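Inspection log for the structure reproduced underneath, given as C-alpha cells.
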Amino acid sequence: MLAWRKHRGSSKPVFEEVPVPKVSPTGVLCKMLASGVCRSDHSLLSIDKQASWFEEKYILGHEGCGQIIQLGSAVGQKKFQVGDIVALHAVPGCGRQDCSECSRDLSQLCEKGHHSGIGQDGFYAPYAAVDIRGVVKVPSGVTSAQAAVATDAVNTAYHAITRRAEVKAHETVFLFGLGGLGFNALQILLHIGPRIIVSDIRQERLDEAQRLGIPPCDIVPIGASPQEFVTGAKLDGKIDTVLDFVGTHQTFEDAQHIVRRGGKLICIGSLDTENTIHMKIGTRKRLSYIFSYGGQVRDLEEVLQLVADGSITPQVETSKLVEFPRVLESLV
Numbered sequence: 001m002l003a004w005r006k007h008r009g010s011s012k013p014v015f016e017e018v019p020v021p022k023v024s025p026t027g028v029l030c031k032m033l034a035s036g037v038c039r040s041d042h043s044l045l046s047i048d049k050q051a052s053w054f055e056e057k058y059i060l061g062h063e064g065c066g067q068i069i070q071l072g073s074a075v076g077q078k079k080f081q082v083g084d085i086v087a088l089h090a091v092p093g094c095g096r097q098d099c100s101e102c103s104r105d106l107s108q109l110c111e112k113g114h115h116s117g118i119g120q121d122g123f124y125a126p127y128a129a130v131d132i133r134g135v136v137k138v139p140s141g142v143t144s145a146q147a148a149v150a151t152d153a154v155n156t157a158y159h160a161i162t163r164r165a166e167v168k169a170h171e172t173v174f175l176f177g178l179g180g181l182g183f184n185a186l187q188i189l190l191h192i193g194p195r196i197i198v199s200d201i202r203q204e205r206l207d208e209a210q211r212l213g214i215p216p217c218d219i220v221p222i223g224a225s226p227q228e229f230v231t232g233a234k235l236d237g238k239i240d241t242v243l244d245f246v247g248t249h250q251t252f253e254d255a256q257h258i259v260r261r262g263g264k265l266i267c268i269g270s271l272d273t274e275n276t277i278h279m280k281i282g283t284r285k286r287l288s289y290i291f292s293y294g295g296q297v298r299d300l301e302e303v304l305q306l307v308a309d310g311s312i313t314p315q316v317e318t319s320k321l322v323e324f325p326r327v328l329e330s331l332v
C-alpha cells in the first residue's frame, strides 16, 4: 500500500510503498475512511530532536476514522465486530498499572504505548492497525471525516475545557483564538453555557462566532486591546477563565491582566514556545496557570456523542490522500 511517511533527517513527507500492517492479538485492522490533517504534522516533519520512541521511518497521521476489517485473536466480538465504523485515538496509553502516566490518569502522556502518527505508524495510509484501547465506535449521524477530526481537534479542546478548566455555565470565559481547535472550543463552550468573550485576528472567524450566537458586545474588534476592551465592557474582575488557543507573548500577557483574582489561565496554544509569567501578578492575584495537552479516550466518547446530537459540528474539507502535502501547506 502507498502511505505518507516521515524519514528521519528530512522535512519532506515521502509517499512510498509499505506493507499492510499486521493486527496484534488485542488490536484491529482498519480500512481507513478519513484521516485529519493537523498543523502538528508540520511540526513533526520539521523537528530534529525526537522522543525515544520515534522510529527512523514512520507513517504520519494522528487523526483517524476507519472500518474494522479484521479482529485480533484476543478481541471479543461483543465489543467490536468486523464492519464497525470506529474513531481511532492516536495515544490511548498502555494502560498498565506500573505505568507512571496511565496509573495517574494521564494516558495521553504515556510513553510506553503506541503513538499513531507521532513517531510510530499512523493513519495516512489505506490501512492501519491499532490496539482496541484507542478504538471508539462512531455514533449514527457522524461522518467519517467528522469522526477523524474529533479525535484530536475537538478532543483536545474538550479536554482543556471540561477536565482542566472545568468551565461551568455561570462563569465568564475569555477565548483567545478561533482556529481549528479554538472554533471547536467555542462550540463546546456554547453547549456548556458560560458567557464567552472572543478574540481573533481574522474577521471571518469573528463573523462566524456571531453567527453561532456570540453577541457583538462580546466580540473584541480586530486591532483592539483585549485589556482595554475588558475595561470598557466593565468586565474587570469578572473573567473567571482565559482559554488561550494561540499562545503568543501578547495573548499570554493579556491573559494575566484580564483574568480575575483567583482565576485560571488555560494554556493550549504554543505559537511562541517561551512566554513570561509575571510573578507579582500571578502571586498577588493567586492565579492558576494550567497547561493542557491532547485528550483521552473517555473524552472522545463524549465528544462523538456531542457531534451526533448536533451540539458540535466540526468544520471539515475533504481531499484525496495523495494531496496531503498541499493540504498541509494550506494550514501553515
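Letter 164 of the sequence shown, counting from 1, is numbered 164 in the UniProt record's numbering, and no numbers are missing.
All residues carry an ideal CB built from backbone N, CA and C; glycine is no exception.
Please read these numbers as outputs of a predicted model, since none were measured by experiment.
Specify the secondary structure class of residue 158 as computed by DSSP and reduced to three states. As a position in the sequence shown, residue 158 is number 158, starting the count at 1. Residue 158: helix per DSSP, three-state reduction.
Given 8 Å as the limit, is there contact between the stretch 127-140 and the stretch 222-231, that is, 3 or more CB pairs closer than that? no
I need the straight-line Cα distance from residue 185 to residue 41, nearest angstrom please. Residue mapping note: residue 185 aligns to position 185 of the sequence shown, counting from 1. Residue mapping note: residue 41 aligns to position 41 of the sequence shown, counting from 1. Approximately 21 Å between the Cα atoms of the pair.
Relative to the alpha-carbon of residue 246, which residue among 275, 264, 235 has its alpha-carbon at the smallest distance? The residue you call residue 246 lines up with position 246 of the sequence shown. Checking every option, the nearest Cα to that of residue 246 belongs to 275.
Taking the Cβ atom as the reference point for each residue, do residue 128 and residue 30 lie within a distance shorter than 8 Å? On the sequence shown, residue 128 is found 128 positions in, with the first residue counted as 1. On the sequence shown, residue 30 is found 30 positions in, with the first residue counted as 1. Contact annotation: residue 128 and residue 30 have beta-carbon atoms nearer than 8 Å.
Find out if the Cβ-Cβ distance for the pair residue 282, residue 256 is shorter than 8 Å. As a position in the sequence shown, residue 282 is number 282, starting the count at 1. As a position in the sequence shown, residue 256 is number 256, starting the count at 1. Yes, Cβ-Cβ distance for residue 282 and residue 256 is below 8 Å.
Contact check, residue 108 vs residue 294 under 8 Å by CB: the rounded distance? Position 108 of the sequence shown, counted from the first residue, corresponds to residue 108. Position 294 of the sequence shown, counted from the first residue, corresponds to residue 294. With a Cβ gap of about 4 Å, residue 108 and residue 294 count as contacting.
Residue burial classification, residue 332 (beta-carbon count within 10 angstroms, cutoff 16): Residue numbering aside, residue 332 sits at position 332 when the sequence shown is read from its first letter. Exposed is the call here.
For residue 118 and residue 61, I'd like the C-alpha separation in whole angstroms. Taking the sequence shown and counting its residues from 1, one reaches residue 118 at position 118. Taking the sequence shown and counting its residues from 1, one reaches residue 61 at position 61. Looking at the two C-alpha atoms, the distance is approximately 8 Å.
With DSSP as the reference, identify every bridge partner of residue 82, one or two as the case may be. Translated into positions along the sequence shown, residue 82 becomes position 82. Looking at the DSSP assignment, residue 82 forms no beta bridge with any residue, so it has no partner.
Which residues in the same chain as residue 146 place their Cβ atom closer than 7 Å to its Cβ, once the five residues preceding and following it in sequence are excluded? Locating residue 146 in the sequence shown gives position 146, where the first residue counts as 1. Closer than 7 Å at the Cβ level, and outside the excluded window around residue 146, lie 307, 314, 316.
Going by DSSP in three states, residue 249 sits in which element: helix, strand or coil? Here the question's residue 249 lines up with position 249 in the sequence shown. In this structure, DSSP gives residue 249 a helical state, which the three-state scheme calls helix.
Start and end residues, beta strand (DSSP E) containing residue 263: The count along the sequence shown starts at 1 and reaches residue 263 at position 263. That run of the beta strand (DSSP E) goes 259-267.
Would you be able to state if there are at least three C-beta pairs under 8 Å between the stretch 12-29 and the stretch 57-75? yes
Let me check one thing: in DSSP terms, what residues is residue 127 bridge-paired to? For the purposes of this step, residue 127 is taken as the residue at position 127 of the sequence shown. Bridge partners of residue 127: 31.
Just to confirm the assignment, what range does the alpha helix (DSSP H) spanning residue 187 have? Locating residue 187 in the sequence shown gives position 187, counting from the first residue. Residue 187 -> alpha helix (DSSP H) spans 180-192.
Using CA coordinates, which residue listed in 46, 94, 131, 100 is at the minimum distance from residue 80? For the purposes of this step, residue 80 is taken as the residue at position 80 of the sequence shown. Answer by Cα proximity: 131.
Rounded to a whole number of angstroms, what is the C-alpha to C-alpha distance between residue 93 and residue 141? Start at 1 with the first residue of the sequence shown, and residue 93 comes out as number 93. Start at 1 with the first residue of the sequence shown, and residue 141 comes out as number 141. Rounded to whole angstroms, residue 93 to residue 141 spans 28 Å at the Cα level.
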